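Chemist: Quick note, the sequences are listed as chains A and B, same order.
Convert by adding 17 to the 1-based position in the first sequence; the result is the number in this note's numbering.
Convert by adding 161 to the 1-based position in the second sequence; the result is the number in this note's numbering.
Yeah, the Cβ is synthetic: ideal placement off N, Cα and C, and Gly gets one too.
Model, not experiment: these values are computed from the prediction.
Quick one: this structure, given as structure tokens, is what I'll be asking you about.
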Amino acid sequence: MPPHVPRRVLITGVSNPLGAEVARRLAPQVPHLFGCDVADPLSALEAMDFVHADTRLSVIGKLVRQLRIDTVVHLAVMVDSPHDERSIHETDVIGTMNVLVGCSGPASPVRRLVVKSSQAIYGAGPHDPSFFSEEMINWDRPASGVTRDLLEMEQLVSEFALRSDACEVTVLRLGFRVSEATSLARYLSLPIVPVFAGFDPRLQLLHEEDAAEAMVRATVADHQGAFNVAGEGVVLLSQAIDIMGGRATPILPPYARWLSRLGLKTIARVELPAYLTDVLAFGSVMDCSSLEAEFGWRPAHSSRQAMDSLAEGKNAELIEAPSPPQEYELQVYLQQRRRRMLLPIHGGRAPSGHGGAN
Amino acid sequence: MIAETTPGQRRRNSQKAEIVAPRQGLRLPKPVRRLRRQAPMYALQAVSQLSARLRLLTGRDIIDLNRIMEVVQFIYQQRELARRGPNYAVDDFGFDPQWTESFITAFKTLYRDYWRVETTGVEHVPSSGRALLVANHAGVLPWDGTMIKTAVFTEHPHPRHVRALVASQFMGMPVLSWFLRRTGQAVGHPDDTRRLLARDELVLVFPEGTRGTGKGFKNRYRLTRFGRGGFVATAIRAKAPIIPISVVGSEEIYPMIGDLGPVARLFGLPYFPVTPFWPWLGPLGMIPLPSKWRIQFHPPIDVSDLPAKAAEDQHLVMALADEVRETIQRGIYENLKLRRGVFL
């Protein structure tokens with residue numbers, strides 16, 4: 018059988034920032050690119066046909082058959098999003114099930130499926146080994162929230178992979194990302210960062226660009242199986258807070274972590290998902306050696322560099338409207354002056370699409 | 162979108178440039194400032210003169226200048242550490258060598274002056290490459306681990322950091338988990354051992370685990386069960402030599418006469434010790450007794466010629482584990498004989 022070359026690619030959840038970046042990178046490499054999401058895309062992409070479609074409805078199967086899609090990139094998986102638990106479950110489990118149903122069947126044109134998963138699937142606890150490799154998913158742990166949804170989702174995906182031989186299935190477990198909109202980045206950017214007393218966990222981070230690059234590489238070539246994707250090395254939580262210029266204050270009690278979540282939500286206005294509070298206590302690091310062996314590529318940014326780029330981004334400010342180049346300096350000057358006059362307001366939440374931010 | 166368009170608006174909204182200058186507050190006069198800067202140097206000079214004078218008078222070293230220099234070095238190291246900010250790197254296990262080495266001075270004092278550790282056979286530890294160190298575990302708190310680490314780092318001609326494996330329940334405890342990770346310890350999980358050995362590190366395991374540290378004083382120097390021999394299987398797979406270590410003296414630092422099980426369960430601890438001093442004297446009861454220690458490193462047991470399949474041979478694994486256990490037990494008895502008294 019000749020290797021499958023993607024010709025008609027469908028990206029679900031294309032309106033979240035990662036989906037937009039994957040679409041932008043895939044556009045020159047594939048002849049036909051389609052995207053679907055419930056929200057409008059962040060920026061128009063000429064090479065992509067956009068469809069308003071909800072993965073939670075069976076319309077996705079019709080879409081796949083009608084458009085004769087041969088490669089599906091499933092990014093409509095919410096990991097870090099402001100939505101409530103119920104709708105996250107609906108999107109992650111029911112949505113993925115719909116996509117899988119759409120891809121299955123004897124006459125299905127789909128030859129490759131790439132699914133986004135997350136490091137959150139491993140959870141974090143004191144009894145875990147220092148590194149998670151791909152087969153170390155802890156099925157026995159009483160998981161909750163996103164971790165349970167992801168476990169359920171990956172089980173569905175692996176059952177699908179066993180059932181359908183014609184379709185190559187790749188699952189990428191992306192590491193935690195710290196771009197502007199993720200809750201981890203918002204937490205680390207606080208001026209006074211409450212941390213768990215007596216804990217300084219290791220964080221492993223993934224740069225946005227590397228996440229998109231890994232997705233694209235999994236789409237255009239055949240790499241079957243599940244892979245961990247994260248930056249090289251680790252950053253200690255205290256180090257990360259130092260890089261962001263904040264001050265770590267050990268005021269959170271190490272037990273009853275839901276209490277700390279509630280406190281962070283009401284006082285600091287940072288809503289951390291349950292799996293992230295576990296990570297902030299015990300740390301979570303993945304072993305990415307099988308990614309390197311199979312893809313022949315590894316993320317270009319280390320965890321430290323991902324953290325540094327967030328710190329750089331904190332000092333820059335987005336300029337709203339496009340303006341002629343000669344006005345740029347003036348804009349920057351005015352904004353700097355405005356910043357000096359009034360304190361920057363944190364916690365502004367960008368409207369996020371289907372997939373949330375992470 | 163330009164908010165301020167007209168020059169008048171811009172002038173109205175403009176602010177005076179801020180002059181960045183040193184703070185004009187209370188500033189001590191120059192000679193005082195100079196004195197404050199140079200005071201440590203003067204103090205050191207005075208101490209060295211005093212020590213020279215005392216040596217002339219008595220003919221012996223009353224003040225050991227090396228010790229004083231170590232203390233000064235410790236203080237300066239801590240200041241250096243505080244100054245480096247976030248610009249340091251830890252390895253993937255969360256080990257910070259520079260931070261750990263700054264504490265070596267403190268542990269060296271315990272090693273040399275408090276427990277007067279006598280170490281033999283440290284030359285059996287390879288100066289490069291992997292090895293699995295296996296030791297007996299005793300005392301309520303794992304001071305034996307820190308002393309083995311200090312012994313290898315200070316006595317070995319090629320100082321190396323030993324990475325000990327810790328029971329996972331300690332990784333869930335505040336402060337402890339942070340300190341253990343930062344000083345290079347890993348979770349006692351076969352996968353962690355494999356990874357550390359693959360990086361050519363020295364890995365220290367206590368196969369007795371909390372059974373060893375939590376045993377009563379009347380059972381001192383009697384090795385408990387050696388797990389299921391998992392450490393041997395890991396060593397065979399990694400082709401790492403096994404170096405048995407006998408530690409004598411760690412049993413007497415906290416003579417444990419009782420164990421309050423319900424209290425331990427309440428706090429999630431493996432045991433809650435009762436010693437003649439703890440918990441009656443509060444924090445004072447946590448001070449270990451100054452027993453005399455001996456640490457003996459035994460010749461390595463080479464397993465590199467065994468095939469990787471031998472790790473599944475339970476019979477062979479248990480036989481090797483028993484051999485290691487015998488060596489350690491014999492070493493303990495020999496060293497007990499060499500020791501003149503518990504506190505001498």
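1. Assuming A:ARG25 contacts A:ARG85 (C-beta within less than 8 Å), just tell me the rounded distance between them.
2. Just the Cα atoms here: how many angstroms apart are A:SER104 and A:ASP57?
3. What residues of chain A sit near B:PHE254, judged by a beta carbon separation below 9 Å?
4. Tell me which residues of the segment 252-270 of chain A have at least one Cβ-Cβ distance to chain B shorter than 7 Å, keeping chain order.
5. For A:LYS133, count neighbouring C-beta atoms within 10 Å of its own C-beta (all shown protein chains included) and say buried if the count is 16 or more, exposed if not.
6. Would the beta-carbon of B:ILE403 fall within 8 Å of that of B:VAL464?
7. With C-beta atoms as the reference, is A:SER196 less than 8 Å away from A:PRO316?
8. At a CB-CB cut-off below 8 Å, which residues of chain A make contact with B:TRP339?
9. Mapping the DSSP letters down to three states, classify B:PRO168 as helix, strand or coil.
10. Helix, strand or coil for B:PHE254, going by three-state DSSP, please let me know.
11. Alpha carbons only, please: which of B:VAL393, B:GLU413, B:TYR275, B:LEU271 is nearest the one belonging to B:LEU358?
12. By the criterion of Cβ-Cβ separation under 9 Å, what are the contact partners of B:VAL348 in chain A?
13. Are A:LEU189 and A:VAL246 close, meaning C-beta to C-beta below 8 Å?
14. Within 10 Å of its beta-carbon, does A:PHE148 have 16 or more other beta-carbons around it, so buried, or fewer, so exposed?
15. Name the DSSP beta bridge partners of B:GLU279, please?
16. Do B:ASP305 and B:SER411 come within 8 Å of each other at the CB atom, strictly closer than that value?
17. For the segment 141-194 of chain A, which segments carrying the alpha helix (DSSP H) assignment without a break, of at least 4 residues, lie completely within its bounds, in sequence order?
18. Among A:SER326, A:ASP101, A:VAL127, A:ALA44, whose alpha-carbon lies nearest the alpha-carbon of A:PHE78?
19. Hey, is B:VAL251's beta-carbon within less than 8 Å of any beta-carbon in chain A?
20. Among residues of its own chain, excluding the 5 on either side of A:SER369, which ones have a beta-carbon nearer than 6 Å to its beta-carbon?
21. Take B:THR526 and list the residues in its own chain whose beta-carbon comes closer than 7 Å to its own, dropping the five residues that flank it on each side.
22. Can you give me the Cβ contacts of B:PRO514 inside the same chain, cut-off strictly under 6 Å, excluding the 5 residues immediately before and after it?
23. Report the option in A:ILE154, A:LEU179, A:LEU281, A:VAL186 whose CA atom is closest to the CA atom of A:VAL131.
24. For A:ALA323 versus A:LEU222, is the C-beta spacing smaller than 8 Å?
25. List the endpoints of the continuous alpha helix (DSSP H) containing A:LEU308.
26. Closer than 8 Å by beta-carbon distance: list the chain A residues that pair up with B:MET332, in chain order.
27. Measuring CB atoms only, is the segment 295-315 of chain B touching the segment 453-469 of chain B, in the sense that at least three cross pairs come out at less than 8 Å?
28. Could you tell me which whole alpha helix (DSSP H) segments of length 4 or greater appear in the segment 184-272 of chain B?
29. Can you say whether A:VAL110 is buried or exposed, counting buried as having 16 or more other CB atoms within 10 angstroms of its CB?
30. Find the residues of chain A that neighbour B:ASP353, judging by a C-beta separation of less than 8 Å, and give them in chain order.
31. Please report how far the alpha carbon of B:ASN227 lies from the alpha carbon of A:PRO270, in whole angstroms.
32. Strictly by DSSP, which residues pair up with A:MET65?
33. State the CB to CB distance for the pair A:MET151 and A:SER320, rounded to an integer number of angstroms; the pair is presumed to be in contact (CB under 8 Å).
34. Taking Cβ-Cβ distances shorter than 9 Å, what residues in chain A pair up with B:ARG356?
35. Does DSSP put B:ASP474 in a helix, a strand or coil?
36. Go through its chain and collect everything with a Cβ distance to B:GLU495's Cβ below 7 Å, but skip five positions before and after it.
Modeler: With the given structure in hand:
1. With a beta-carbon spacing of about 6 Å, A:ARG25 and A:ARG85 fall inside the 8 Å limit used to define contacts.
2. 19 Å
3. SER147, PHE148, ARG219, VAL251, VAL302
4. Closer than 7 Å at the C-beta level to chain B, one finds these residues of the segment 252-270 of chain A: LEU253, GLN256, ASP259, ILE260.
5. buried
6. yes
7. No. Outside cutoff.
8. GLY215, PHE216, ASP217
9. helix
10. Looking at B:PHE254 - three-state DSSP - the assignment turns out to be coil, as it is neither helix nor strand.
11. B:VAL393
12. Under a criterion of Cβ atoms nearer than 9 Å, the residues of chain A adjacent to B:VAL348 are, in order, PRO143, HIS144, ASP145, PRO146, SER147.
13. yes
14. Buried.
15. B:ARG455
16. yes
17. 162-180
18. Here residue 78 of chain A is Gly; the residue named in the question, Phe, does not match the sequence. Nearest option by C-alpha distance: A:VAL127.
19. yes
20. Caution applies to A:SER369, whose pLDDT of 42 falls short of 50 and renders its modelled position unreliable; the value that the coordinates give is listed next. Excluding residues within five positions, none has a Cβ falling inside 6 Å.
21. Any question about residue 526 of chain B goes unanswered here, given that chain B covers just 162 to 505.
22. Not covered by the structure: residue 514 of chain B. The range shown for chain B is 162 to 505.
23. A:VAL186
24. yes
25. For A:LEU308, the uninterrupted alpha helix (DSSP H) segment begins and ends at 306-312.
26. PRO143, HIS144, PHE299
27. The segment 453-469 of chain B and the segment 295-315 of chain B touch, with three or more beta-carbon pairs separated by less than 8 Å.
28. Counting whole runs of 4 or more residues, the segment 184-272 of chain B contains the alpha helix (DSSP H) stretches 191-219, 226-244, 258-270.
29. Per the 10 Å Cβ criterion, buried.
30. PRO146, SER147, PHE148
31. 43 Å
32. A:LEU50
33. According to the sequence shown, residue 151 of chain A is Glu rather than Met. At roughly 19 Å, the Cβ-Cβ gap does not stay under 8 Å, so A:GLU151 and A:SER320 are not in contact.
34. Proximity of chain A to B:ARG356 at the Cβ level (cut-off 9 Å) is accounted for by PRO146, SER147, PHE148, ASP304, in chain order.
35. coil
36. none
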